[in-house]
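Beneath this line is the structure, given in structure tokens, with notes to follow.
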């Protein structure tokens, strides 16, 4: 019994380490976009990712063939949505950094934009995950896209540099 | 600019400069995840223990109180001696 537990724990740790090595970079990028922080200075995104990955680790044995990346992303998104709701208007805590890519958007717009366009989640799944109607997800996504590409006057336009993102 | 072009532009905008993954992330995650697992295991064991204790208490009570036995009648006096 004890031996079986130990070997199961070792197997879980091995699989999970491989998963983290593959997925952490992309998830951290998504989390940094969500919290609108700078890539070099992203404590909130790191905390978000740590919680999401720890949750994935804790339910690793009960995944039953489900994609762990999917599970971690779901947890990341719902946790961010909840935190954004609680900290709405909070002083300093959720203030986006002006140099980040999605700084001009509201937390919900960032969340939907990241899920839809960066992660490529389907509209229906995004809607189901956030508990919103599909039409509303589409309109928020369109609005966020527009305000990102054509920012309101007074806000500098985002610089689309020629640097190609490493894939 | 039509919709796919706009989406592609936004995607490009978002995919600039990926943040470096901090090296201590994995250790943090493992510590936190192992703690969650341990807590869950403790809670599960406590729940089982509680369930067993409740079952034992019920059985003992049932054997001493014998609620299925018909209680002696309070209204009619025992009718014996005729």
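Protein chains in written order, with the working numbering: chain A, 8 to 174; chain B, 1019 to 1100.
The C-beta atom is built at its ideal place from N, Cα and C for all residues, glycine as well.
Self-check item: Opening and closing residue of the alpha helix (DSSP H) in which residue 16 (chain A) lies
Solution: Taking the first chain and counting its residues from 1, one reaches residue 16 (chain A) at position 9. From DSSP, the alpha helix (DSSP H) with residue 16 (chain A) extends over 9 to 42.
Exercise. Could you check how far apart the C-beta atoms of residue 1032 (chain B) and residue 40 (chain A) are, in whole angstroms? I think they sit under 8 Å.
Key: On the second chain, residue 1032 (chain B) is found 14 positions in, with the first residue counted as 1. On the first chain, residue 40 (chain A) is found 33 positions in, with the first residue counted as 1. Taking the Cβ atoms as the reference, residue 1032 (chain B) lies roughly 6 Å from residue 40 (chain A), within the contact range of under 8 Å.
Quiz item: Using a beta-carbon distance cut-off of less than 9 Å, what residues from the region 1039 to 1051 of chain B approach chain A?
Solution: Answer in chain order: 1039, 1040, 1043, 1044, 1046, 1047, 1048, 1049, 1050 and 1051.
Quiz prompt | Within chain B, partners of residue 36 (chain A) - CB distance below 7 Å | solution = Counting from 1 along the first chain, the entry for residue 36 (chain A) is found at position 29. Within chain B, the residues near residue 36 (chain A) are 1036 and 1037.
Practice problem: Taking C-beta pairs closer than 9 Å, name the residues in chain B that residue 82 (chain A) reaches, listed in chain order. | Solution: Numbered from 1 along the first chain, position 75 holds the residue referred to as residue 82 (chain A). Here the premise fails: no neighbours, minimum Cβ distance about 12 Å.
Quiz item: Taking DSSP as the reference, what is the three-state secondary structure of residue 77 (chain A)?
Solution: What you label residue 77 (chain A) is simply residue 70 of the first chain in a count that begins at 1. In this structure, residue 77 (chain A) counts as helix in the three-state DSSP scheme.
Quiz item: If you measure from the beta carbon of residue 1028 (chain B) to each beta carbon in chain A, is any gap under 8 Å?
Solution: Here residue 1028 (chain B) refers to the residue found at position 10 when the second chain is read from its first residue. Interface residue, yes.
Quiz item: So residue 1078 (chain B) is in the alpha helix (DSSP H); what residue range does that whole segment cover?
Solution: As a first step, residue 1078 (chain B) is located in the second chain; it is residue number 60 there, counting from the start. Residue 1078 (chain B): member of the alpha helix (DSSP H) spanning 1043 to 1083, first to last residue.
Quiz item: What is the DSSP secondary structure of residue 45 (chain A), reduced to helix, strand or coil?
Solution: If you number the first chain from 1, residue 45 (chain A) lands on position 38. Per DSSP, reduced to three states, the secondary structure at residue 45 (chain A) is strand.
Quiz item: What whole-angstrom Cβ distance do residue 1039 (chain B) and residue 127 (chain A) have, given they're in contact under 8 Å?
Solution: Here the question's residue 1039 (chain B) lines up with position 21 in the second chain. Here the question's residue 127 (chain A) lines up with position 120 in the first chain. With 8 Å as the limit, residue 1039 (chain B) and residue 127 (chain A) do not qualify as a contact, their Cβ atoms being about 21 Å apart.
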